[in-house]
Structures are given as structure tokens and as C-alpha cells.
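Asks: First, the structure itself, so that you have it in front of you.
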Amino acid sequence: VQLQAFGGGFVQAGGSLRLSCAASGNIFSINSMGWYRQAPGKQRELVATATSGGNTNYADFVKGRFTISRDNAKSSVSLQMNSLKPEDTAVYYCRYYSMRTKETWGQGTLVTVSS
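Counting from 105, one number per residue, gives the positions in the sequence shown under this note's numbering.
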């Protein structure tokens with residue numbers, strides 16, 4: 105499985121960004137895709153995940169601000185990020201998981217939120 109992520113960039117606090125990630129290769133129909141992030145000096149943490157069956161999971165710190173969505177036909181996942189805060193600044197990684205291929209990580213995309 106290969107992942108290609110799009111989006112990210114620089115935005116002022118209160119602004120919005122959208123991240124997208126497309127999976128290709130040996131895609132299993134039952135899978136989970138999501139976003140994790142890693143800020144400088146911190147461990148990688150879960151942001152949001154969505155299964156091919158439609159279940160979603162969000163970290164508490166993004167609830168009400170971020171929305172994850174799936175397009176199963178395109179094996180893609182998007183993350184709409186609104187009301188961004190400086191503490192959201194991090195490298196965001198797309199992750200794919202299936203029982204068949206286990207986990208695959210994307211290359212990471214930088215999100216910078218200025219105060």
C-alpha cells in the first residue's frame with residue numbers, strides 16, 4: 105500500500121485547512137484510515153480515524169473543530185480542520201490499516217498555525 109497526502113501549509117489562528125490522503129496498491133475493502141500528528145519534541149498522537157464501515161474516532165482536542173471523511177471508492181480520507189490553534193502546529197501523517205497489510209504511513213505534511 106502506498107499513501108499520498110495533500111494539503112497542509114500555513115494559516116493564521118482561527119483559519120481552516122484541509123488534508124487529503126489517497127491510498128493505492130493492495131487495498132483491502134475493510135480498512136481504517138486516519139490522521140496522526142507529531143509536534144516538535146512530542147510523541148505522535150492520534151487526531152482522527154475513520155473505518156471503511158463508517159465509524160469515526162476523534163481525539164478530544166479536535167472534537168467540534170475537525171471532521172474526517174472517507175471516500176471508499178477512491179480509497180481516500182480527508183480531514184477538514186477548522187478553528188485552528190497554534191497548538192495544532194505539527195506534521196500530520198496519514199495512516200492506513202487493514203488486517204491483510206497491517207499499517208502503512210504516509211510521508212507527513214506540515215501544518216503551521218500562527219498566533
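Note that the Cβ used here is the ideal one computed from N, Cα and C, for glycine as well.
Starting from N161 and walking both ways along the beta strand (DSSP E), at which residues does that stretch end?
Replies: Run containing N161: T160 to Y162, per the beta strand (DSSP E) assignment.
Asks: Can you tell me whether DSSP reads K167 as helix, strand or coil?
Replies: In the structure shown, K167 sits in coil (DSSP, three-state: anything other than H, G, I, E or B).
Asks: Does the count of Cβ pairs from the region 186-197 and the region 207-219 closer than 8 Å reach three?
Replies: Judged by Cβ distances under 8 Å, the region 186-197 makes contact with the region 207-219, as three or more pairs qualify.
Asks: Are there 16 or more other CB atoms within 10 angstroms of the CB of M203, so buried, or fewer, so exposed?
Replies: Classification of M203: exposed, given that the 10 Å Cβ count is below 16.
Asks: With DSSP run on the structure shown, which of helix, strand or coil describes A177?
Replies: Helix.
Asks: Name the two residues that bound the continuous beta strand (DSSP E) containing R122.
Replies: Where R122 is concerned, the enclosing beta strand (DSSP E) stretches over L121 to S128.
Asks: What is the rounded straight-line gap between the Cα of S179 and the Cα of C125?
Replies: Taking the straight line joining both Cα atoms gives about 9 Å.
Asks: I think A109 touches M137, with their Cβ atoms under 8 Å apart; what is that distance to the nearest whole Å?
Replies: 11 Å between Cβ atoms; not a contact.
Asks: Answer yes or no: do V105 and I131 have a C-beta to C-beta separation smaller than 8 Å?
Replies: Contact flag set, yes.
Asks: Could you check where the beta strand (DSSP E) with E191 kicks off and where it finishes?
Replies: Note, E191: premise wrong, no beta strand (DSSP E); not H, not E.
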